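Enquirer:
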Amino acid sequence: MIQIDRSKPVLVTGATGYVAGWLVKQLLEAGFTVHAAVRNPDNTQKLEHLNAIAAAAPGKILYFKSDLLMPGSYAKAMEGCELIFHTASPFTSNFKDAQKELIDPAVLGTKNVLDQANKTPSVKRIVLTSSCAAIYTDAADLEQTPNGVFTEDVWNTSASLDYQPYSYSKTLAEKEAWKMSEQQSQWDLVVVNPSFVMGPFLNSETGTSESLALLKQLGDGTMKMGAPNLGIGVVDVRDLAEAHFKAGFTPEAKGRHIISGHNSSFLELAQILHEQYGDKYPVPKTALPKWLLMLVGPMVNKALSRNFIRKNVNLPWKADNTKSVDSLGLYYRPLKETMVDSFQSLIDSKAI
Ligand SMILES: NC(=O)c1ccc[n+]([C@@H]2O[C@H](COP(=O)([O-])OP(=O)(O)OC[C@H]3O[C@@H](n4cnc5c(N)ncnc54)[C@H](OP(=O)(O)O)[C@@H]3O)[C@@H](O)[C@H]2O)c1
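Written out as structure tokens, the structure is:
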């Protein structure tokens, strides 16, 4: 059982990210000194939201220049830290070379961060932000599960460099982390596996997350003809920050944790927004027929290939989040609150 000394600094990799932003906020508000590892500390625009949070919080933020692809670049950031939150990893469908832009940063990045932990005697626990993408690729994968539900025992076996490489990157990275964890006894590894993250954006002007890109597409008219009825799980970014926090500070936390509040669909997300905002924004209210999606999907988003549509559209998605509730004590807020707060944050920041 690992007890973390709360007076020590805590490292968050990828601190500029959507998910990390809310975690950094929670840590600063709880009075921690956060070592924020970012690629470019001189890009002040990307740090504005974190600086504003820090200015109003009892905690302190210190920036360190680190890159997933540069071995040794996390050394300074990790110094004196007992707890590491490794969130950095690209989540985008906007890539040209999946190996270079997704797989390498995810896998070599995880290796670099964990290698550095092996060289940093203060480190006691690493919380890795994996994903439900390391559990499944397609909603159709549910059929292969023992009880028709995704659990922590299930691993993604269907993603590859050519098919849903983001899911492949998360699967390989999490496997690498477990392998490295088993080879040492200095620190323990606790993994969070979030489903699709929604919730307010702290950084909608500079954000790179696919969550932001997809929500924008729901609100900017890209999908006004209809939304794909894709089975997905959804979790609020604020609940996910709490999950990371609990994973870090619960001494007996162990293993993987599915962090997913709702078994839902992309269509349901659109319908919630339409109910709330009516026709004020071109939010889709109906499902785009599968045949039409087959035609236009690949043009709208690279991830919407015909193979993907076949294995996901009009299929349910179901995950068991019991472990997160029982062992981390998580509470998941209602889906409507998540979606309305997400969309409102884009409206307020004039991102749509
Ligand atoms: N959003 C979701 O639905 C979701 C679901 C499950 C899991 N996750 C996981 O959550 C984590 C954060 O995702 P997010 O949605 O918050 O995306 P995001 O906002 O795009 O954050 C990604 C972070 O990774 C950093 N990064 C990317 N390449 C890097 C590199 N070569 N060196 C150092 N840092 C690098 C980015 O830094 P820069 O600012 O410098 O680009 C950014 O801080 C990822 O591990 C993702 O797989 C996300």
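Residue numbers for the sequence shown follow numbering that gives the first Met the number 0, so the first one is 0 and each next one is one higher. No residue lacks a Cβ here, since even glycine has one placed at the ideal position from N, Cα and C. These numbers come from a predicted model, not from an experiment.
(1) In angstroms with no decimal places, state the Cα-to-Cα distance between V23 and W290.
(2) Any chance you could list the beta strand (DSSP E) runs of at least 3 consecutive residues sitting entirely within the segment 214–261, in chain order?
(3) What first and last residue would you give for the alpha helix (DSSP H) that runs through I346?
(4) From V190 to A133, what distance separates their C-alpha atoms?
(5) Secondary structure at K59, three-state DSSP: helix, strand or coil?
(6) Going by alpha carbons, who is nearest to A105 out of F94, L68, V126, P120?
(7) Residues in the same chain with beta-carbon distance under 6 Å from Y280, minus the five sequence neighbours each way, listed in chain order, please.
(8) Taking 7 Å as the line, does the beta carbon of R38 fall inside it for any heavy atom of ligand 1?
(9) If you pair each beta-carbon of the segment 248–260 with each one of the segment 306–323, do three or more pairs fall below 8 Å?
(10) Which class does S264 belong to by DSSP, given the choice of helix, strand or coil?
(11) Quick check on the DSSP output: the beta strand (DSSP E) that includes R124 runs from which residue to which?
(12) Run the CB neighbour count on E142, radius 10 Å, all protein chains shown included, and call it buried at 16 or more, exposed below.
(13) Taking S65 as the reference, which of F90, T15, D347, D140 has the closest Cα?
(14) Taking C-alpha atoms, which residue in R5, Q25, D4, T12 lies nearest to A242?
(15) For ligand 1, is there any heavy atom lying closer than 7 Å to the beta carbon of L113?
(16) Quick check on the DSSP output: the beta strand (DSSP E) that includes P193 runs from which residue to which?
(17) Of the choices A74, F265, N306, E274, whose alpha-carbon is the least far from that of L287?
(18) Could you please give me the residues that DSSP links to K64 through a beta bridge?
(19) Hey, would you say T32 sits closer than 8 Å to G58, going by beta carbons?
(20) For I134, does the three-state DSSP call read helix, strand or coil?
(21) Helix, strand or coil: which one does DSSP assign to F149?
(22) Measuring CB atoms only, is the segment 269–283 touching the segment 212–228, in the sense that at least three cross pairs come out at less than 8 Å?
(23) Cβ atoms of G230 and L314: under 8 Å apart, would you say?
(24) Mapping the DSSP letters down to three states, classify A350 as helix, strand or coil.
(25) Output needed for P70: all residues of its chain with C-beta closer than 6 Å, excluding positions within five of it in sequence on either side, in chain order.
(26) With H, G and I counted as helix, E and B as strand and the rest as coil, what does DSSP make of I1?
(27) Take the Cβ of A54 as the centre, count every other Cβ of all protein chains shown within 10 Å, and call the residue buried at 16 or more, exposed below.
(28) Return yes when at least one heavy atom of ligand 1 lies under 7 Å from the C-beta of G71, else no.
(29) From I1 to G277, what distance separates their C-alpha atoms?
(30) For A54, does the three-state DSSP call read helix, strand or coil?
(31) Does the distance from the CB of M77 to the CB of L127 come in under 8 Å?
Expert: Concretely, from the data shown:
(1) The sequence position of residue 23 within the sequence shown is 24, counting from 1. The sequence position of residue 290 within the sequence shown is 291, counting from 1. In this structure, the straight-line span from the alpha carbon of V23 to that of W290 is close to 43 Å.
(2) Scanning the segment 214–261 from its first residue to its last, the whole beta strand (DSSP E) runs of 3-plus residues come out as 230–235, 254–258.
(3) If you number the sequence shown from 1, residue 346 lands on position 347. The continuous alpha helix (DSSP H) containing I346 extends over residues 334–347.
(4) The residue you call residue 190 lines up with position 191 of the sequence shown. The residue you call residue 133 lines up with position 134 of the sequence shown. Cα-Cα distance, rounded: 11 Å.
(5) By 1-based counting over the sequence shown, the position of residue 59 is 60. Of the three classes helix, strand and coil, the one that applies to K59 here is strand, per DSSP.
(6) Numbered from its first residue, the sequence shown carries residue 105 at position 106. For the residues F94, L68, V126, P120, the minimum Cα distance to A105 belongs to L68.
(7) The residue labelled residue 280 in the question sits at position 281 within the sequence shown. Excluding sequence neighbours, Y280 sits near G218.
(8) Taking the sequence shown and counting its residues from 1, one reaches residue 38 at position 39. In this structure, the C-beta of R38 approaches ligand 1 to less than 7 Å from one of its heavy atoms.
(9) Contact holds: three or more Cβ-Cβ distances are below 8 Å.
(10) Along the sequence shown, read from residue 1 onward, the residue named residue 264 stands at position 265. DSSP places S264 in the strand class (E or B) of the three-state scheme.
(11) Here the question's residue 124 lines up with position 125 in the sequence shown. For R124, the enclosing beta strand (DSSP E) has its first and last residue at 124–128.
(12) Taking the sequence shown and counting its residues from 1, the one referred to as residue 142 is at position 143. The residue in question, E142, is exposed, as its Cβ has fewer than 16 Cβ neighbours within 10 Å.
(13) In the sequence shown, counting from the first residue as 1, residue 65 sits at position 66. Looking at the Cα atoms, T15 is the closest of the given residues.
(14) Stepping through the sequence shown from its first residue, residue 242 is reached at position 243. Closest option to A242, Cα to Cα, is Q25.
(15) Taking the sequence shown and counting its residues from 1, the one referred to as residue 113 is at position 114. No - ligand 1 has no heavy atom lying nearer than 7 Å to the Cβ of L113.
(16) Counted from its first residue, the sequence shown places residue 193 at position 194. DSSP places P193 inside the beta strand (DSSP E), whose first and last residues are 187–193.
(17) For this step, residue 287 is matched to residue 288 along the sequence shown. Nearest C-alpha to L287: F265.
(18) As a position in the sequence shown, residue 64 is number 65, starting the count at 1. DSSP, once it has assigned bridges, lists V37 as partnering K64.
(19) By one-based count along the sequence shown, residue 32 stands at place 33. By one-based count along the sequence shown, residue 58 stands at place 59. Closer than 8 Å, so yes.
(20) In the sequence shown, counting from the first residue as 1, residue 134 sits at position 135. Of the three classes helix, strand and coil, the one that applies to I134 here is coil, per DSSP.
(21) If you number the sequence shown from 1, residue 149 lands on position 150. Note: F149 maps to strand in three-state DSSP.
(22) Contact holds: three or more Cβ-Cβ distances are below 8 Å.
(23) As a working note, residue 314 is residue 315 in the sequence shown. As a working note, residue 230 is residue 231 in the sequence shown. The answer is yes: Cβ separation under 8 Å.
(24) As a first step, residue 350 is located in the sequence shown; it is residue number 351 there, counting from the start. Correct three-state label for A350: coil.
(25) Locating residue 70 in the sequence shown gives position 71, counting from the first residue. If we look at P70 and ignore the five residues flanking it on each side, its Cβ neighbours are N111.
(26) As a working mapping, residue 1 is identified with position 2 in the sequence shown. DSSP, read as helix, strand or coil, puts I1 in coil.
(27) On the sequence shown, position 55 is the one that residue 54 refers to. With a threshold of 16 other beta carbon atoms within 10 Å, A54 falls short and is exposed.
(28) Translated into the one-based positions of the sequence shown, residue 71 becomes position 72. Between ligand 1 and the CB of G71, the shortest heavy atom gap is not smaller than 7 Å.
(29) Working through the sequence shown from its first residue, we reach residue 1 at position 2. Working through the sequence shown from its first residue, we reach residue 277 at position 278. The C-alpha of G277 is placed about 50 Å away from the C-alpha of I1.
(30) As a working mapping, residue 54 is identified with position 55 in the sequence shown. The three-state reading of DSSP puts A54 in helix, counting H, G and I together.
(31) For the purposes of this step, residue 77 is identified with residue 78 of the sequence shown, where counting begins at 1. For the purposes of this step, residue 127 is identified with residue 128 of the sequence shown, where counting begins at 1. Taking 8 Å as the Cβ cut-off, M77 and L127 do not qualify as a contacting pair.
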